[in-house]
Every structure is written in C-alpha cells, then in structure tokens.
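Enquirer:
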Amino acid sequence: MNRIVTLDEFILRRQKDFPFASGELTGLLRDIGVAAKIVNREVNKAGLLPILGRADRENATGDEVQKLDLYANEKLIDCLKNSGECAGVASEEAEDIIPFPSVDGKASKYVVVFDPLDGSSNIDVNVSVGTIFGIYRRISAADGPCQIGDFLQKGSELVAAGYVLYGTSTLLVYSTGRGVNGFTLDPTIGEFCLSHRDISIPATGNYYSVNQGYYLKFDVEMRRYIDHCSDLNLRLRYIGSMVSDIHRILFQGGIFLYPNTRKYALGKLRLVYECNPLSFIVEQAGGKAITCQLERILDLEADHLHQRATIAIGSPDMVEEMREFVLRYSPR
Ligand code: AHG
Numbered sequence: 001m002n003r004i005v006t007l008d009e010f011i012l013r014r015q016k017d018f019p020f021a022s023g024e025l026t027g028l029l030r031d032i033g034v035a036a037k038i039v040n041r042e043v044n045k046a047g048l049l050p051i052l053g054r055a056d057r058e059n060a061t062g063d064e065v066q067k068l069d070l071y072a073n074e075k076l077i078d079c080l081k082n083s084g085e086c087a088g089v090a091s092e093e094a095e096d097i098i099p100f101p102s103v104d105g106k107a108s109k110y111v112v113v114f115d116p117l118d119g120s121s122n123i124d125v126n127v128s129v130g131t132i133f134g135i136y137r138r139i140s141a142a143d144g145p146c147q148i149g150d151f152l153q154k155g156s157e158l159v160a161a162g163y164v165l166y167g168t169s170t171l172l173v174y175s176t177g178r179g180v181n182g183f184t185l186d187p188t189i190g191e192f193c194l195s196h197r198d199i200s201i202p203a204t205g206n207y208y209s210v211n212q213g214y215y216l217k218f219d220v221e222m223r224r225y226i227d228h229c230s231d232l233n234l235r236l237r238y239i240g241s242m243v244s245d246i247h248r249i250l251f252q253g254g255i256f257l258y259p260n261t262r263k264y265a266l267g268k269l270r271l272v273y274e275c276n277p278l279s280f281i282v283e284q285a286g287g288k289a290i291t292c293q294l295e296r297i298l299d300l301e302a303d304h305l306h307q308r309a310t311i312a313i314g315s316p317d318m319v320e321e322m323r324e325f326v327l328r329y330s331p332r
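So this is what it looks like as structure tokens:
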C-alpha cells in the first residue's frame, strides 16, 4: 500500500526545493488548507444549518444568518490574518484591499487574492462550488502596509495559485509554478492527502463548457466556434461554477468559454480572483488560457480589483483551434 502524503507534509517537502525559502509561502499554503477545511465543514452541512439563503435574514435566535460565501470570506481572512504570513488580501466579496497589521513585528512578503466561494448560486441546490486563490510577492516596501499595486500585478507574476472544489469529495489543487498537484480531503482523518500527482491536461478533449443560453448574444466568431464544437459531437457540460467546469477539463480535456455578451461587454468573470489563478493552474498543467480577443490571460494588465475579462481556457489544441476561428471569422 502506498504511504499517505498529507498536504502539510508535501508542502514542507517542496519547500526544500527552494534553497532560500523562508517558510512564509509554505505557511500561507497551510493556512489556506486550514481555511478550506473549515469552509468544507460548513458547505457539507449547508442543508442542515440555517446558513442558506440571503445574508440579511435572521435565524430563530435573532442572529443574522450569514450567507455561506460571506462565511467563507470571513474564515479565509481569519486564517490568513492570524498567522502573520500575509500582508493583506483582496477578496471578490470586498470592495477594497484589506491590509493586515503585522504579527510579532514580522514583515510579510506576500499578499493573497481569492474568490471565497465561486459559483455560489449552486449552494442552495447542493451543486459543487469552489474557492479560488492566488498568491503574489508584494512589490510595496515590506516595512509598511501592502498597497493596491501588490494585488494588480499581472497573473504571470503569481508565485502560487490554486482552488478547492467542494464536490462529491473535497479536493485542493495548487501549483507554485512547478507542476500541479491535487489533494483529496480524507474526512476520517481531517487531512488533505496527495491524490493527483503532476496533473497534466490532455492536449484535446471531448468537452466544451459554455453558457449556451447566451448563444445569440455572443459575437459571430464565438457562435461559429460553438457550432463547430457541436458539429464534432463534443459533450456540452456547464455547471455554472467555473472551478467545477475547469476541474473537469483539467482532468478530462476540453475547453471552457466565457465570452463577452451584450450584458457583459468585457466578459463576466473577474480577472484578479478567477481568471488569473485558474489560468496559472491550467498553464502549469500544460494548457492555455486566452481572452476571446486572443490575449494571454496571464499577460493582462489589471486596472482595478474587480476588472472583468473574457476567457477561453483548457486543452492547448482546443484553445488554439478557437483562436483560429476568431482570426477567421471576427469582423475586426
Ligand atoms: P457566482 O459566484 O456569482 O455564482 O458566479 C459564478 C461565476 C462562474 O463561476 C461561472 O462560471 C459563471 O459565473 C456563471 O455565470 P452565468 O450564470 O452567467 O453562466
């Protein structure tokens, strides 16, 4: 029988690969792992506790009922704040950056961006949701509070990124720029255990993932490409939680698209919290991620925290094929 390797053990082993590592990044990843376990516990009892529904309701005892995405947001902030390894965070649930006071006079080198619970409309109907995170080395002076510029770095500057998928089992997938590994939570011992080593995305696949309900609102080149996927008899899968949809594609091959629509002229998904971290993971696994206007996602400049981007991400051959459709059919 193979020996179990826990997330903590794996992270510590990997730290030795970086000769000058101080352990901060290692500590941060562990903090995120702890937050993921806490969020997982709540997600799993979402139907039992009064944590479903709107955040402005009150429960029987008059306490404010907290929506699960706000709960996840709070837990991530708590876990990252208390360890002193993180100089501040930017969350999809918060308007501005949240700088942290230093703990024991420690000058933290890193900031974290996250979407605490992606696909939250799925929670009330018991469908998979996820947490997405990215870690940047700060560029502001380490002896002061972190600055907005620390969070608006290009995705290519990420030092680590990952996601947690709360699905049929709970999985944490992350990369520090040296491949991608996945860990499944073993609820009997409360540990994430290495289950998917050196994940590599298939060059092509049988799945395409797009909200086809918006078909008529897409530009002509995207409609042509979607027609092509349908002509090839590819299987359409769309969960409505980017983490879950991309997770399938990472393992089985395919393409995920969220193009611009009439409603979302710049795309819907957030560059900083969603597109960059997931593009980092997919590229690390050998895939590609570009906008529907053909720029590499990780090269995009972010002007503000909640900036949106269009995205085509997944198996490299399929993203390239989509690129050809755009070049051939775009009137621009
Ligand atoms: P939210 O977290 O607000 O539910 O948004 C989910 C995101 C993303 O995960 C998903 O792929 C996309 O929005 C779904 O959007 P549509 O409903 O427009 O297809």
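Under the working numbering, the first residue of the sequence shown is numbered 1, with each subsequent residue one higher.
Every residue, glycine too, gets a C-beta built ideally from N, C-alpha and C.
Just so we're clear, the structure is a prediction, and the values are computed from it rather than from any experiment.
In this structure, does DSSP put K16 in helix, strand or coil?
Expert: coil
Enquirer: Could you check whether the Cβ of M242 sits closer than 7 Å to any heavy atom belonging to the ligand AHG?
Expert: Yes; taking the cut-off as 7 Å, the Cβ of M242 has a heavy atom of the ligand AHG nearer than that.
Enquirer: Quick check: does the Cβ of L269 come within less than 7 Å of any heavy atom belonging to the ligand AHG?
Expert: yes
Enquirer: Taking the straight line between their C-alpha atoms, what separation do you get for V164 and N233?
Expert: 30 Å
Enquirer: Tell me whether K75 sits in a helix, a strand or coil according to DSSP, three-state version.
Expert: Helix.
Enquirer: Using alpha carbons as the reference points, say which of S83, L216, L152, S200 lies closest to A35.
Expert: S83
Enquirer: Name the one or two DSSP bridge partners that Q308 has.
Expert: Note that residue 308 is Arg in the sequence shown here, rather than Gln. BP columns for R308 point to R270.
Enquirer: Under a Cβ-count criterion, where at least 16 other Cβ atoms within 10 Å of its own Cβ denotes burial, should L7 be classed as buried or exposed?
Expert: L7 comes out buried.
Enquirer: Do G177 and S315 come within 8 Å of each other at the CB atom, strictly closer than that value?
Expert: no
Enquirer: Going by C-alpha to C-alpha distance, which of Y207, V180, G253, N260 sits closest to L216?
Expert: Out of Y207, V180, G253, N260, N260 has the C-alpha closest to the C-alpha of L216.
Enquirer: For T188, count neighbouring Cβ atoms within 10 angstroms of its own Cβ and tell me buried if that reaches 16, exposed if not.
Expert: exposed
Enquirer: Which residue or residues does DSSP assign as beta-bridge partners of Y112?
Expert: The residue asked about is misnamed: residue 112 is Val in this sequence, not Tyr. Paired residue(s): V89, I135.
Enquirer: Does the region 148-167 come close enough to the region 100-114 to have 3 or more Cβ pairs within less than 8 Å?
Expert: Counting C-beta pairs closer than 8 Å gives three or more between the region 148-167 and the region 100-114, which meets the contact rule.
Enquirer: On a Cα-Cα basis, can you pick out the residue from D186, E191, Y166, N181 that is closest to D198?
Expert: N181
Enquirer: On the criterion of 16 or more Cβ atoms from any shown chain inside 10 Å, does S241 qualify as buried, or is it exposed?
Expert: buried
Enquirer: Measuring CB atoms only, is the region 298-311 touching the region 255-272, in the sense that at least three cross pairs come out at less than 8 Å?
Expert: Three or more pairs of CB atoms, one per stretch, sit closer than 8 Å, so the region 298-311 contacts the region 255-272.
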